[in-house]
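In case it helps, our numbering puts the sequence shown at residues 1 to 388. Where a beta carbon is used, it is the ideal one built from N, C-alpha and C, also for glycine.
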Amino acid sequence: MSQSLNGAGDSPSKRTNVFRHFRLKSWAIGASCLALLVTIGGAHGVPNSPMASRNNAAAAIESMMDFYDPVTGRWQPEAPWWTTGNALQALLDYMAKTGSRQYMPQVNNTVTIQSAPLAWWPSGGGDFRADSTDDTGWWGLAMVRLYELTRDPKYLTIAKEDEAYMYSYWSNDTCGGGIVWDIPSRSYKNAISNELYFKLAASLHNIIPHDTFYLSRALQGWKWFKASGMINSANLVNDGLSEQGTTCTNNGATTYTYNQGVILGGLVQLYKATGDQSLIKTARSIADAVITSPLLSPKGILTEPCEADDSCDPNGPAFKGIFVRNLDELDDILPGHPYRHYLQQQVHSMYTLDRNSSGFYGLSWAGPFDKSEIARQTSAVSLLVAVL
């Protein structure tokens, strides 16, 4: 994603101490109720009942909303812009699974403010057309989910515009195709932009009756990605491609967890569109590689590579939540739900070892809790929503 922190309303949050006090007092009351549910529901402080799991997710979202700034429509306005799109997705996923519409006023506020034209971005911005294609992709997928929740055609229109904007940066000049990541310099083709693209296109196909246009584009994106070499011999996805003369090769860069995740969701959407079992086979090979990886799942707990040396930038803490969100999408369509235990294992560890007394979650799901900020909390929310 773009490293720029710019976006609509970058001024510091206007939250007051009274507002924060209210949030924390509200959480404290909820936490007391949750403590009772934990005692009744399961060992080691992890609730087993569906209602307790829902309450855990609700409490985590309530804490996440403490970062929300209604003036800018962003979560933690100083954080990278795309993380608000990711937080919006986590919130919408929760509402989709539970039927709650509690946070629709904040959703509408965010979309109204953040979809406004941004004069310093390509094409004048607007409708989430950003200065890097992956930033647009996160918001485009959130608009698909929002359309599914509301059936309001304006959200479908924005999602279509985002797909068109991303595809406008497809180029056959290098690497035989693919979406460019960095719009200003157009120097890099990476995994995340292209995964987000074919997932968005396939998702549009699946919600538009009788569509063939978006399916064709989604298949084009996947065919190119599969042949690009970004999936390595260990069935993990490296970050992108290196140009070597007229050819491009896997750059061997970090296997970020979100690169392993978005591809799963994209393949699920393509499978729903086509029924092609080979797509599920590929998705499972990647998912299995992650959950057995000594680097990405040491001792069975999902870990971002940057955690080992405490080198995570402001983006990295959001990545694990994106992986588990998409792993849940894969698990949901598989007989026997083979990844459910892995997801529950993450919840058990995170809830017992990586949670502070105010309902915030830290970076390492193996613990201990380090600090609270929006990317960490959004990842926790996505995990708790995944097991609902």
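Close-in-space but distant-in-sequence residues of the same chain around residue i (CB under 6 angstroms, 5 per side omitted)
| i | result |
| --- | --- |
| M64 | Q377, V381 |
| C248 | C175, L241 |
| Y271 | L279, I280 |
| Q76 | F67, I374 |
| L91 | Y103 |
| F319 | Y256, T257, Y258, E304 |
| L156 | Y147 |
Host beta strand (DSSP E) of residue i (start-end)
| i | result |
| --- | --- |
| N250 | 247 to 250 |
| Q244 | 241 to 244 |
Nearest-angstrom Cα separation, counted from residue j out to residue i
| i | j | result |
| --- | --- | --- |
| D211 | P70 | 37 angstroms |
| D173 | V385 | 41 angstroms |
| V347 | Y94 | 16 angstroms |
| C306 | V262 | 19 angstroms |
Exposure label - residue i; buried when at least 16 CB within 10 Å
| i | result |
| --- | --- |
| N108 | exposed |
| D164 | Residue 164 is actually Ala in this sequence, not Asp. It is exposed - the Cβ of A164 has fewer than 16 other Cβ atoms within 10 Å. |
| G252 | exposed |
| H21 | Any reading at H21 needs caution, since the residue's pLDDT is 41, under 50, leaving its predicted position unreliable; the model's value is listed next. Looking at its Cβ environment, which holds fewer than 16 other Cβ atoms inside 10 Å, H21 is exposed. |
| F213 | exposed |
| R355 | buried |
| M230 | buried |
| M51 | exposed |
| Q244 | exposed |
| D135 | buried |
| Q277 | exposed |
| A227 | exposed |
Close beta carbons around residue i, own chain, < 8 angstroms, minus the five adjacent residues each side
| i | result |
| --- | --- |
| Y339 | A287, I291, L327, D328, L330, D331 |
| D162 | D127, F128, R129, T136, G137, W139, G140, M143, L200 |
Distance CB(residue i)-CB(residue j) smaller than 8 angstroms
| i | j | result |
| --- | --- | --- |
| K199 | G275 | no |
| K97 | L353 | no |
| R217 | A201 | yes |
| W138 | N86 | yes |
| L196 | A273 | no |
Endpoints, alpha helix (DSSP H) assigned at residue i
| i | result |
| --- | --- |
| S115 | Premise fails: S115 is in no alpha helix (DSSP H) and is neither H nor E. |
| M230 | Unbroken run through M230: none, as it is neither H nor E. |
| K189 | That residue, K189, is in no alpha helix (DSSP H); it is neither H nor E in DSSP. |
| V381 | 374 to 386 |
| H337 | Counting along the chain, H337 falls outside any alpha helix (DSSP H), and DSSP gives it neither H nor E. |
Contacts around residue i, its chain only, beta-carbon distance under 7 angstroms, and the 5 residues preceding and following it disregarded
| i | result |
| --- | --- |
| N235 | S285, I286, A289 |
| V268 | A283, E329, L330, I333 |
Below-8 angstroms beta-carbon distance, residue i vs any chain C residue
| i | result |
| --- | --- |
| V237 | The structure shown contains no chain C; it holds only a single protein chain. |
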